[in-house]
Each structure stands twice: as structure tokens, then as C-alpha cells.
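This report refers to the structure that appears directly beneath it.
There are 2 protein chains.
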Amino acid sequence: MKHHVALFALLGSVPATLGLWPIPRSLETGTSALKLAANFNIELDVPNPPADLSAAVSRSANYIKTDNLERLVVDRGASNSTAVAHAPQLKSLVLSLESGSPVRSIMEEATLELGTRREEYKLDVPASGASATLTANSTLGLLRGLSTFEQLWYDLSGETYTIQAPISVVDTPAYPFRGFMLDTARNYFAVSDIKRTLDAMSWVKMSQLHWHVVDSQSFPIQITGFMDLAEKGAYSSSMIYTPEDVQDIVQYAGERGIDVMVEIDMPGHTAIISEAHPDFVACAEASPWATFASGEPQCLMKPLISRLDTLWPLEPPAGQLRFASAAVQNFTVGLLNEVAKMFPSNIVSTGGDELNTECYTEDAETQAILQETGQDLEQALSGFIQAAHGTLKAQGKTPAVWEEMVLDHNVTLSNDTVVLVWISSMDAAAVAAKNFRIVHAPSDYFYLDCGAGEWIGSDPEANSWCDPFKTWQKSYTFDPLANLTEAQTSLVLGGEQLLWTEQSSPANLDPIVWPRAASSAEVFWTGATLPGGKPRNGTEALPRLHDVAFRMAQRGIRAIPLQPLWCALRPGKCNLNS
Amino acid sequence: MKHHVALFALLGSVPATLGLWPIPRSLETGTSALKLAANFNIELDVPNPPADLSAAVSRSANYIKTDNLERLVVDRGASNSTAVAHAPQLKSLVLSLESGSPVRSIMEEATLELGTRREEYKLDVPASGASATLTANSTLGLLRGLSTFEQLWYDLSGETYTIQAPISVVDTPAYPFRGFMLDTARNYFAVSDIKRTLDAMSWVKMSQLHWHVVDSQSFPIQITGFMDLAEKGAYSSSMIYTPEDVQDIVQYAGERGIDVMVEIDMPGHTAIISEAHPDFVACAEASPWATFASGEPQCLMKPLISRLDTLWPLEPPAGQLRFASAAVQNFTVGLLNEVAKMFPSNIVSTGGDELNTECYTEDAETQAILQETGQDLEQALSGFIQAAHGTLKAQGKTPAVWEEMVLDHNVTLSNDTVVLVWISSMDAAAVAAKNFRIVHAPSDYFYLDCGAGEWIGSDPEANSWCDPFKTWQKSYTFDPLANLTEAQTSLVLGGEQLLWTEQSSPANLDPIVWPRAASSAEVFWTGATLPGGKPRNGTEALPRLHDVAFRMAQRGIRAIPLQPLWCALRPGKCNLNS
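The listed protein sequences correspond, in order, to chains U and B. Per this note's numbering, residue 1 is the first one in the first sequence, and the count goes up by one each step. Per this note's numbering, residue 579 is the first one in the second sequence, and the count goes up by one each step.
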């Protein structure tokens, strides 16, 4: 921001906070008031615009009309009234594509392979009232620019204004994968909850929903040819995602610039499949899941604690796919083949976390197969994963896996496999050393469920395995390139914040996620430095994140306050070293 | 429960969980199915019933019709269908008062002095279909019995049934004060949010709302003759409780068996009063609140850490009433006189926590007064508190204070003063040693805000001062009589769970409170032992608390799930030592 000292002298106001989130890579602002004309209009100067671009323009125009967000200062902007009264009026924002740009729909662009999506845009808002312009070389870039434009405006007695014109933005994300993971298996979320979340994600330019749709506890997705999985494994007949629901969700996401990476976690985290196919699952009923914890290891979920200093709870129910079995491989290949067809995304995850190999040591059926085929367990696992990934690749998909598939098993994976690092942020370097592409999903920074207590009975003194709560301030300090060599930096695709839902449902979805998850949205869009070159830091970010929370609230998201309103209205006054 | 082995053999079902919360002091259940007749009716056999009793009956009848809660078992009760089809039909519940009982309104009874309210009741539901009966010696007792009756019923394809008839309950609370504290000053809550909370409180027989209505950050309550406090100290003109709002809230609470203890915290936590009366407040602008923390103690909030092993954050803004000043005393007495008139409760709290005495050492005005009057600071404080309490007592009120007024200052308090113990559960014994009555509000068990991160900028590694999160399991283990002598047990009035709202708003009110706060509701209603004499324990309680959460959800409270639904439907299967 330039000249802001002059501005504040002029307006007699406290320092203005431009509520942009994520903050653009390059940003220049002025000191003039500018307001929207009563007939303000967003013009789409794109011949035959895709329907989802026209819809995005309509949404944006609507947000600008209905946000009615007052400035977060004590007088809520009243001191700007004279300046606003005399301010030039902005009559239009004109959107155009640079010549030669392909005119794809937003959804087509957003579901391209990671690294090939174009999201950059240029936004100019003159102080004079002359038309503002938004240009990009893709419809997706125009969508990102609209999200920025929406965040420029405040309400004062019905006038929609800024006091920082002219505004000039040249923007492009630092990383393509800016994600949020939702687990819909521990507890169920309605389609409307997912859509509401997608809306909020798009406002902060997030690009990726990681949909952890199934797990040991329930199988809520209907898959053609495999309908018995949901019929017997969903929590109820009303807690199911039909193929139409899936189509609805991926379309809704795509139109908002969000790609949906579905995860069918395997071969662990699959106990619920035993409801439809008891023969496919080892250890499902063999013994109570918790016996292992009481000193008699049998056939149970075994957490991979080797690289963690802390124990975390085993999780019921037990049961894992008998991956060595040809029947199970056929089933899995067929299932993934159908799943791949349901999702337009280029990426599909086969999960692969927390595999308890002891289960198979005691599983007579698996041991018989291994003996018959002359394979050891890891060879069988590698064959299973290769078959699974083979069917994905045959459909043009890139497979994604949790880090254990790379770090803890001898599985042959193709070089383009995307690896999600979750156990610890420290593990990224080991994945990079194996030359795989990385999505950061570290539990020590990005797990939104940590710190809410232990849900497993029955120890009253127990806390969550990943205590403490991961604050937005902590997430915001994440360095995507930590411990990587210069040569390895190109392996980083981005990262995501994650909500495991053992203790979440639609009841607390919004408050546990927002505005916290916006922190990584900025980490992975803006990168290491603020416009102007200073490093990102939480003290600078806080007033802007307040803005995000309050704007989200105006749009129907139950985002929580980060501080007492007293602090939100007095930027800097509640910092420890202010 | 008796004969349940026979029952399960008969119905071919898993063990039934009677979803009563708090569990009655005495309870006998049978093994028969019983369903409500289509024309089931609650008859009020009370001549000239008070309006709030009739309203309670209507609410109860409505809940029974609309709860539609299925049993929390895998088949959701389908295995009970034959038994339910052939079950006798219950046509009526008859409510009556024991002869000679005074016919007060529920509200009148609920706002009587603590220890004199009658809440006991007797409920009988025969297995035959003959009328169920609910008797009590007060309208408040009838209300408590209705809450129990509502919890007996489940839905199966439109039938409302139990499989545990006959049911016989004789019940009375262990402690009269079963509370919840809401802070409406750090962030604002609408009247509708408070009413929704009162509803949920009444369902688990909580008796006391502790309304921490004002604090340093805002003064949202309009008080006749002192309108400038809210006018200048509320966050906005729409974030105000008018006298009509207060009347609405206390009436709504009273009708639901809940007394409202308002707290006007003083002389600390009063910075916002400086907006209307700058002369009344010391240290308000003298220095940034956080200077103290950086090693230059001036005139700031000083936490009382002497009895804690941990530091907790100072909180902005600074500023405390100049209690030594006659003008401030007059103001305070006048204010409390009006506040006392607004609340029908017998108890009013004057707070008194976290007073920073250093502030006054550096306050020239206070020092001048002390010199003039020949008092020391503690003498002046005692005079101030006595004046404040004197005006309350003149209106028939019992004063309540935070523990520091007893443990850290030389304040003369009347023997009937109620003392809230918050810093640590260990402090109860010291308060009891001074022979004051106790309300347990310990941060180490009952603070609902702990573990959600530090809201003060700007240390990204900081966590909440009272980490970790206080789980329901932890709260549930609270022993109200720990470290007290036999003779001191009569000093315990009960306890409360508390929500300080630095990081809360209506957005997360329900999920941060429910069902967690129900844990203390049972601790203080049921006491140390389950019906039958076994000690209360979380493993037994969990399935019943699931029931509370799901029934609350059916009634519009955004209560969170305590576990994956897989666990909720399989009682015991997710315990570590099951």
C-alpha cells in the first residue's frame, strides 16, 4: 500500500485494512475513495461465454450487492462518510480474456492436470470512476479475479465503497493444489453441507476438495455395479451419496474453480466392506479392535508410530482388504474403474495409510495365497497397488497415495504419483528424496480436528492424539519448502487442511473449519512473501483474516470470531507486543 | 434395570440404553414394550394451574410428538417391531401435586432462594397401558418429571415406544445449583441464542444461568438511569439487551425452571465503562495493556497467578473502576440497585476476579483518595464491596463473588455470600475453610473454551492458557466433595460449566457447549452414584450422552457427535478396554 499516511491524515481514520485473502502476489493501492454506482454492472466481454463463467459473474454481482460488510474499525467507517459522499462512482467492471486464450469452461480448466491450470489474472480499478478491468488467459483466472474484486468493498449506510483506490493487482498462485479434505465416513455430511463448504473454499481461491468419502465406519457412496457397498455400509438409506449427488457436487465444485480428488482408502480403512463382502476383509470380526492395546496383539489396526514420538489411539472397527487375493484385486480394479468415471478430476487417491501388516500374518487365507503364489506380503501389496493404479492410469488419471505407500512399504509406484504427507511435516523431505510430488497435509500443522479431546472410551484423562489444537496462527507459519533442496522445490504441488470427522458433523463443520482453513489457502496461493517482498506473518494477516471471517458470516457461513469484537475493530490492539 | 437379560432374549435385541439424562436418583425399569396411543394426552390434574405449567405440558406433548428419535442401535429398533406392534397403548400421563403443596408458578419456584426450591418428583409408567402418573410437591418438580418422561420414548416407523416398561422413578437433585455461564461481553449473543441455550439446559434439568453480561470489552445491557453505558459501551446499537430483552430472557428461563444469576463484574473487568465515564476508570488509557508482559509493569491487568503453575494471557483492554472514589461507589450502588430490580433471582454476582492492584499503586487519583481517607487499598476495596453488597441485600438479594474476593483480598463479606471457585478445583477447600458456600466453576474441569488456541496475537506457537480441551469425560469425573470435610459438604451448592467467548459467537455456541455441558448437569443432579449405588462412570454414561446429543439435534440444537455414528450405534464397541 502506498501513501497510506497521507490517506489517514485526509480521512481522519485509523489505518485501512484491505481485506484481501489470499493477498495477491502483486498489489498496489491508492488513497482515494471510490464507490459503486447504483447501476454498477459486471460486463463480460467474452464471446459465447461458458455458462459457468456467466454464472460466476452473476454470483459475484450478487455478493457485492448483499455482503453489506462494514469496515472493521470502531466507527465502522463513519469517518469515511464525507469522502464517500464525494467519491467518483464506478459503473462497471469489464472482464475479458487475453487474445488467443482457449475459451474453456471454468470447470474444464479447474479439472485439468495439476500444474497446467491457468489461474493468473490482472485487475485494475481506477480511482476516477472509469471502468475497472479484469483480464486473464482463462475463465478460471477470471473467476479468481472476481473473488478478489468482491473483497474490495465495504458498506456504509448503503453505499458500497473502498477508500484505497486506485487498486492494481497482478496475481497468480504459488502452488496449484490448495486444498481442504473432508471425511464423510466417520460422520455423514449432506450434499448441501459440502456445497456450502465449496462456496467458502472458492472465496479464498482454494482449488482442491479432497473427498475422503469412505472409511472403516461407513461407505456412503453408491457406485454403479457395487451398490451393495453403500446399501450395506452406509449409516442409513438417507445417508448416501447417489451418482447424481456426486455429479451435482463435482459440477458445483468445478463451476467454482475447485477440482474434486476422491479417495477410496485401501487396503486399510476398509472394514465396512465386510458388510457386503465378508470374504474380502481380514480381521474384521477376529477380535475386538482394542485387544491390541491391552497387550495382546492379534489382528487389529496398528498405528504407524515409528516416526512419531507420541502414541495415538487405535480406531474401531478393525478389518482390512485381503489384498493378496485375486478376487479382492478384481473387485478393487472394477470398483476404481467405476469411481474414475464418476469424477472428472485428473487425480484419484487410493489412500494407503495405517496398514496393519500383522493382521495378515495371522490371516490364514492370506498366508495360504502367499504360499501358493510364492510372494511375500510386500510383493503382494505392490501387485495390488499396481493393479489399482493401472486401472486409474488406463482412464487417464494420476494416482495419489498417503505417505506410507512410499516410506513404509516396498510398493512400485509410477513417478507421477502424488504423495500426501500427513504423519509429520518432517516426512516431506523423505518423500522428496524418492522424487515423488508432494501435497502437504501434515498433522502437526493442518489437522483441524486436533485438540478436541479423545473420542475413544474410556479414559477420562485422555486428549486427542495430535494435541494441541492447530491454530490458524500455527498453520499460517507453514513453510512448503522446509528441508527441501532447491532441486526438490518443483515437487511441491501445494497442501491442504484436513477435517477428520470422528467428532464432527454438519453441527460443527463451519465453526471447526472457518476461518481457520483459510490460513493454508494463503500459504499456498501467496507463497512466502507479501506483495512488496516482506515475509508473510500472522500479525499482518490477522486483520485481513477477521475480514474473511466476517465476510463469510455475511454469506451464511458460521465462521467463528478469532477474537473479541473489541479486538477485531482495533487492529493491533490485542497483540502481545503491540 | 431389572430382568434385562430376559428382555433381550425375548426381543432378540442388543442391550437397551435408557436415554435418561441426568439419570434419576432412583430408577426401576422392566422388560415390556409399551407404546403411546394415537390420542395420547398429558392431563394436568392441578386446579387453576399456573400458565407456565400448562405451557410446559404443551411443550412436552409437542416434543414427544416431534422428537422422532430412533434407538441408537444398528437396526435403529427394527428388531422391536413385533413387540411394539403387540404392545399395550399408553393413553395418558396424569400430573398432580401432592396435597398441601403450594401452587406457585414454575418461575416463582425456580427463582426462590437456593436450597429452598422443590424439584423432586415421582413418575410411574405401568406396563399395562394404564395411565402413567407424575406427582410432585411443586410445579417445578412436575417440570423436572416431564423432562424425564420425554426422554423415555423412541420412534419406530411412526410408533412412539419404549421397551423398558414398567418404569418407576423417584427423583430429586443432589445439588440445587446446576449451571451454565455465558459471557455475552467478549462477543455478543442474540436473545434467540440465549433462549435456545435455555431450552437445552432445561432438557437436562439445569437450574441456573450465570449471565456474565458485561466485561472489559463491551457493555451490552441497558440499565435504567445508566443508559449511557450501553450506548457508548455496546458493540453496536443492535448488539444490546434492552430491559424488555432481559425481562423476556428471565421469563423464558423461569418458565423452564431456570434462575438467572446476573453478574456485573467489578471492580476489575470494567474497562469499557470508561467510554461513558472516563473518570471512573483507572489505567484505561495509561499504557498499552501488554506492556506489562514485556517487562515494564505499569498499570495493567495482572493475572493472579500465585496459585497456578501456569501463566495465562493478559487480556485487553486495560482499565478498572476507581473503587476508592466516592463517586464511583455512588455510581456502583445506583447501578446495582437498578440491576437487582431487573432480575427476579435471589442471587446477583458482583464478580471480583483478576483485580490488578498495581494499577492503583500508579493511579494518582486513587492514591490521593487513600491518603485523604487514611485507608489502605484493601480497606477501600472492602468498603466498596460492602456498599455494593449492601444495596443488593437491601433488595433481598444474596451476593455472589469469584474466589479472589475471599482468598486474595481482605474484604468483609457476609456469611451467606456465594463463592464461585474458578482458578483451580483445588481452591474449593480454602473457600470452605472460610465457611463460605461454594459453586464449583473450576477451569481445570469446566471451562468450555480451553484448548481452542490462543486468541491474543502474535505468537504462532501459543495455545490457550488452560489447555487442554476439557472433555465431557473429564468434566464428568468431577467430585463436588473432593478435599472437603464431612462438615463442609453442606457448603456445596453445586457447580456450572462456563463459556468465555473470546473465540465464540452464535456460530459455535451450540457445538462448543452441547452435549458437553450436560456432563455437569448429571454430576450435580445425580450425585456420586447411579441408581443402584454404583459410582457414576463415563463408560456407562456414554451411550446415554449420545442419546442426549441426538435428541438435542432433533430439537434444533447443533450438538456435536461424540464419536463416529458407527460407535454410537454399537454401545461399548469403541471403548479402549471393551
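Using N, Cα and C, we set each Cβ at its ideal position, and we do this for glycine too.
Answer yes or no: do residue i and residue j have a C-beta to C-beta separation smaller than 9 Å?
i                      : j                      : result
residue 831 (chain B)  : residue 840 (chain B)  : no
residue 270 (chain U)  : residue 321 (chain U)  : yes
residue 402 (chain U)  : residue 349 (chain U)  : yes
residue 609 (chain B)  : residue 741 (chain B)  : yes
residue 458 (chain U)  : residue 1154 (chain B) : yes
residue 581 (chain U)  : residue 1131 (chain B) : Lying before the first or after the last residue shown, residue 581 (chain U) is absent from chain U, which here runs from 1 to 578.
residue 651 (chain B)  : residue 657 (chain B)  : yes
residue 1050 (chain B) : residue 1019 (chain B) : no
residue 466 (chain U)  : residue 490 (chain U)  : no
residue 183 (chain U)  : residue 212 (chain U)  : yes
residue 369 (chain U)  : residue 325 (chain U)  : yes
Tell me where the alpha helix (DSSP H) around residue i begins and ends.
i                      : result
residue 399 (chain U)  : It is not in any alpha helix (DSSP H) - residue 399 (chain U) instead sits in the beta strand (DSSP E) that spans 398-402.
residue 722 (chain B)  : 717-728
residue 951 (chain B)  : 942-951
residue 1100 (chain B) : 1096-1104
residue 512 (chain U)  : 509-513
residue 124 (chain U)  : Careful: residue 124 (chain U) lies outside any alpha helix (DSSP H), inside the beta strand (DSSP E) at 121-125.
residue 939 (chain B)  : 936-939
residue 261 (chain U)  : First-last for residue 261 (chain U): 259-263, but that is the beta strand (DSSP E), not the alpha helix (DSSP H).
residue 684 (chain B)  : 684-688
residue 198 (chain U)  : 191-203
residue 419 (chain U)  : It is not in any alpha helix (DSSP H) - residue 419 (chain U) instead sits in the beta strand (DSSP E) that spans 418-421.
residue 1225 (chain B) : Since the displayed chain B opens at 579 and closes at 1156, residue 1225 (chain B) lies outside it and no answer follows.
residue 912 (chain B)  : 904-920
residue 652 (chain B)  : Careful: residue 652 (chain B) lies outside any alpha helix (DSSP H) and carries neither H nor E.
residue 84 (chain U)   : 81-85
With distance defined between alpha-carbon atoms, name the residue in the options nearest to residue i.
i                      : options                           : result
residue 1052 (chain B) : B:1024, B:687 and B:738           : B:1024
residue 1066 (chain B) : B:1017, B:1122, B:1090 and B:1028 : B:1017
residue 124 (chain U)  : U:204, U:62 and U:152             : U:152
residue 621 (chain U)  : U:53, U:176, U:159 and U:87       : Missing from the structure shown is residue 621 (chain U); chain U here goes from 1 to 578 and no further.
residue 18 (chain U)   : U:130, U:516 and U:544            : U:544
residue 385 (chain U)  : U:471, U:417, U:370 and U:361     : U:417
residue 527 (chain U)  : U:172, U:119, U:358 and U:154     : U:172
residue 330 (chain U)  : U:242, U:390 and U:376            : U:390
residue 249 (chain U)  : U:315, U:442, U:116 and U:107     : U:107
residue 121 (chain U)  : U:40, U:135, U:114 and U:371      : U:135
residue 240 (chain U)  : U:185, U:251 and U:39             : U:185
residue 464 (chain U)  : U:470, U:476 and U:450            : U:450
residue 605 (chain B)  : B:620, B:843 and B:748            : B:748
residue 141 (chain U)  : U:562, U:536, U:277 and U:52      : U:52
According to DSSP, residue i sits in a beta bridge with which residue or residues?
i                      : result
residue 132 (chain U)  : U:93
residue 1073 (chain B) : B:756 and B:1018
residue 799 (chain B)  : B:819
residue 737 (chain B)  : B:734
residue 540 (chain U)  : Its beta-bridge partners do not exist; DSSP assigns none.
residue 575 (chain U)  : B:1035
residue 347 (chain U)  : U:398
residue 169 (chain U)  : U:27 and U:123
residue 761 (chain B)  : B:790
residue 476 (chain U)  : Answer is none; residue 476 (chain U) lacks a bridge partner.
residue 627 (chain B)  : DSSP, once it has assigned bridges, lists no residue as partnering residue 627 (chain B).
residue 535 (chain U)  : U:529
Please report the residue range of the beta strand (DSSP E) in which residue i lies.
i                     : result
residue 804 (chain B) : Segment: none, residue 804 (chain B) is in no beta strand (DSSP E) and carries neither H nor E.
residue 39 (chain U)  : 26-44
residue 208 (chain U) : 208-212
Which residues of the region 532-545 of chain U have a Cβ closer than 7 Å to any Cβ of chain B? Give them in chain order. 538, 539 and 542
Could you name the residues of the region 1052-1067 of chain B whose beta carbon sits closer than 8 Å to any beta carbon of chain D, in the order they occur along the chain? The displayed structure is made up of protein chains U and B, and chain D is not among them.
With 9 Å as the C-beta to C-beta threshold (strictly closer), list the residues of the region 1037-1049 of chain B near chain U in chain order. 1037, 1038, 1039, 1040, 1041, 1042, 1045, 1046, 1047, 1048 and 1049
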